[in-house]
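Below is one structure, written out as structure tokens; comments come after it.
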Ligand code: NDP
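Residue numbers (my numbering): 21 to 438.
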């Protein structure tokens, strides 16, 4: 095994015990939500309506569908890309190259699904398979993470992520040891981050909408809003695929169970919770309320996109006319920190926009149930935790300059509140 390089990063998520708990808790929560969303009372808190037996979870048909889906997305990844982008500089001073063809994969998937539906593919039957599909995705995530862990044991020290190589196998299995595991040209983490899960999420949403039409004759306004908002989010992520190369997931976190399960299972099967809920619990929604919700989503998107693009443009080329006039703080590393524009408002404006959108995705589901607000609560906790992780890393990287930034920009995510 290659020895880790430099000082070890502090343990996160409560160390090995926390990681072991999350290994069980994350899949259990996902299955709980899937079961509760289709139950009459749809109670977020409390026991699930029933415990599914293996016959409800294990389905060769679902397994085949799942692997066909992964194979299709891997095939689309390998198609010629409109652009090859370079990632951030690695420990050994090299840079990896990534195909920018995620949006193309989305469009081609849409065309293939459209073609399939036109020749009789029963898209409306997909929601009935969510449980065994989620089981297949969970099994895949466990086996895949184990293979990634074994692969990482042969990786050179320079290929390891800053965290995730503590020496404790459970913790390292959870967090991920290797930063950018690849099989030839296929970058496994980059592939999983935006394609099978994210495109799968909007496909599940669409299938839920189709089933709603089959059940009630027409789609509800609430279902249309949820589908529209989340489609916008996924289209945006794939259109700006290149900007993922500067995010924490790619530059800092290893590829282990946390990201593999998150990307392959958690995102498609829990992020579609609002649409799952609406299929089984139709909600009336008037035009005035729908307009307010659209306004919240549009404002959130405006902040989210503005903040992410501003930082991305600045990191790629600080002299770009769109960011050249912004005020900055110099750091000992040679990189500067933005202290005006979006990044002068709060220290994570992109999280603020993302949270506003999360709220807008739940509001069409009304206020009779807590369940559709799960995403908003979970996402708030995730982003508060993520913000704290990022602050620790930035303090390590930038030292005094980061202190100065925190003095100048006092709030973390929400102005005057947090
Ligand atoms: P960010 O895009 O917020 O990146 C954080 C990094 O930005 C820091 O480590 C630092 O890196 C740089 N930075 C911080 N402050 C400044 C500044 N003032 N000036 C210039 N650079 C600065 O991190 P994430 O990867 O957490 O988030 C990316 C997006 O993904 C967000 O919009 C988030 O909401 C979203 N997201 C969505 C999730 C979902 O499940 N829907 C899950 C997680 C994230 P450096 O200085 O090294 O460049």
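Just so it is clear, CB atoms sit at the ideal spot from N, CA and C, and this is done for glycine as well.
DSSP places residue 232 within a helical segment (H, G or I) once states are collapsed to three.
In the DSSP assignment, residue 268 falls within the alpha helix (DSSP H) that extends over 268-271.
With the rule of 3 Cβ pairs closer than 8 Å, the region 173-189 does not count as touching the region 297-314. Straight-line measurement puts the Cα of residue 49 at about 28 Å from the Cα of residue 316. Taking all protein chains shown into account, residue 368 has 16 or more neighbouring C-beta atoms within 10 Å of its C-beta and is therefore buried. Inclusion of residue 394 and residue 46 in the CB contact set at 9 Å is not warranted, their separation being larger than that value. For residue 81, the CB stays at least 8 Å from every heavy atom of ligand 1.
Residue 105: member of the beta strand (DSSP E) spanning 104-106, first to last residue. In this structure, residue 39 sits near residue 191, with a CB-CB distance shorter than 9 Å.
Judged by beta-carbon spacing, residue 195 lies beyond the 9 Å limit of residue 177, meaning their Cβ atoms are not closer than that value. 165 is the residue among 352, 215, 165, 220 whose C-alpha sits nearest the C-alpha of residue 198. For residue 122, same chain residues with a beta-carbon under 7 Å away, outside a window of 5 residues either side, are 214, 215, 258, 261 in chain order.
Cβ neighbours of residue 128 within its own chain (closer than 6 Å, five residues either side excluded): 96.
Annotation for residue 107: 115, 116, 117, 118, 200, 265, 270, 271 place their beta carbon closer than 8 Å to its own, counting only its chain and skipping 5 residues before and after. Looking from the CA of residue 59, the closest CA among 302, 220, 416 belongs to 302. Per DSSP, residue 118 lies in no alpha helix (DSSP H) segment; the continuous beta strand (DSSP E) that holds it begins and ends at 117-119. In this structure, DSSP gives residue 263 a helical state, which the three-state scheme calls helix.
In the three-state scheme derived from DSSP, where H, G and I count as helix and E and B as strand, residue 356 is classed as strand.
Under the DSSP definition of a beta bridge, residue 206 partners with 203. Beta bridge pairing from DSSP links residue 350 with 356. With a minimum length of 3 residues, the unbroken runs of beta strand (DSSP E) contained wholly in the region 71-106 fall at 104-106. If you check the CB distance, residue 206 and residue 98 come in under 9 Å.
DSSP, read as helix, strand or coil, puts residue 109 in coil. According to the DSSP assignment, residue 295 belongs to the alpha helix (DSSP H) that extends over 293-300. Contact annotation: residue 274 and residue 183 have beta-carbon atoms nearer than 9 Å. The C-alpha of residue 331 is placed about 9 Å away from the C-alpha of residue 362.
In the three-state reduction of the DSSP assignment, residue 141 falls in the coil class. Restricting attention to 276, 321, 391, 254, the CA atom closest to the CA of residue 296 is found in 391.
For residue 383 against residue 323, the beta-carbon gap comes to about 17 Å, at or over 8 Å, which does not count as contact.
The closest CA to that of residue 71, considering only 238, 290, 51, 111, is found on 51. In the three-state reduction of the DSSP assignment, residue 135 falls in the helix class, which pools H, G and I.
If you compare the alpha carbons of 110, 125, 321, 155 with that of residue 373, the shortest gap goes to 321. By the beta-carbon neighbour count (other beta carbons within 10 angstroms, threshold 16), residue 157 is buried. The DSSP-derived three-state label of residue 383 is helix. Contact between the region 69-86 and the region 400-412 is absent: fewer than three C-beta pairs spanning the two stretches fall below 8 Å. Looking at the backbone, the Cα of residue 252 and that of residue 285 are separated by about 20 Å.
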